[in-house]
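This report concerns only the one structure given below.
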Amino acid sequence: MIDQPAQSYRPGSKDDFDRLYRSTYQRIFATLVIILKSPAAAEDATQEAYLRAFRAWRTWKKDAPAEAWLVRIALNVAFTQRRRERLFEIGAILRRLGRPADPDPTDSVQSDLVRELRALPPKQASAIVLRHLHGFTNREIAAVLNVPERTVASRLAAAKGRLRSRLGERMNTEMGTSMPEPVPLEE
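Following my numbering, the numbering of the sequence shown begins with 25 at its first residue and continues without gaps.
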């Protein structure tokens, strides 16, 4: 569920934007770590998202919850960054031709759950993170992602199924209808 009711924020109010920033920063950052698979990239994207949101704060409409509006901006920034990275990676692969990629040294210290969340396709990861980290309902997720509620339900089911199959019996007991508590992403 979204923390602050829309009527508690005033478009254009710097104090209200500061309050929104303080109340959402950790969840936005954690969401982008999952999507971008890198704390450094997530930090950059988070800052860019808040900068864009601040510039557009005067035009925010109270009919949409402020956090949902902000999450949509953050996801747009992350998806744009992922597209750019993919193009760069393709170029790097073509240049290296045959040289194996260096292993990621941070993989050994990340929890299984965080690693598997990062391995999800971005659309599934977005849905599951919005549900279990932000506490959004299917309707709120649908509004943020601009997709039908059935699509949200499908993405959530696919993500949970993939997590269950990859993480085994432990997730079957912990996931039921809800995910385990979020894992801190600070590294």
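Glycine is no exception: its CB is placed at the ideal position from the N, C-alpha and C atoms.
- Three or more Cβ pairs closer than 8 Å define a contact, and the region 92 to 107 meets that threshold against the region 59 to 75.
- With a 10 Å radius around the Cβ and a threshold of 16 neighbouring Cβ atoms, PRO172 comes out exposed.
- When DSSP states are grouped into helix, strand and coil, TRP93 belongs to the helix group.
- By the criterion of a C-beta distance shorter than 7 Å, LYS147 is surrounded in its chain by ARG179, once the five residues flanking it on both sides are discounted.
- Pairing LEU137 with LEU191 gives a Cβ-Cβ distance under 8 Å.
- Three or more Cβ pairs closer than 8 Å define a contact, and the region 78 to 85 falls short of that threshold against the region 152 to 172.
- Per DSSP, LYS38 is one residue of the alpha helix (DSSP H) stretching across 38 to 60.
- The Cβ neighbour count for PRO89, taken over all protein chains shown within 10 Å, is at least 16; the residue is labelled buried.
- In the structure shown, PRO146 falls within a helical segment according to DSSP collapsed to helix, strand and coil.
- Pairing VAL101 with SER189, the inter-Cα distance amounts to about 30 Å.
- Check the Cα spacing between ALA54 and each of LYS86, VAL168, ALA182, VAL95: the tightest is with VAL95.
- Contact check for ALA92 against VAL168 passes: the beta carbons are separated by less than 8 Å.
- In this structure, DSSP gives THR161 a state outside helix and strand, which the three-state scheme calls coil.
- For ILE97, the CB contacts under 6 Å within the same chain, skipping 5 residues up- and downstream, are ALA73, ARG76, ALA77 in chain order.
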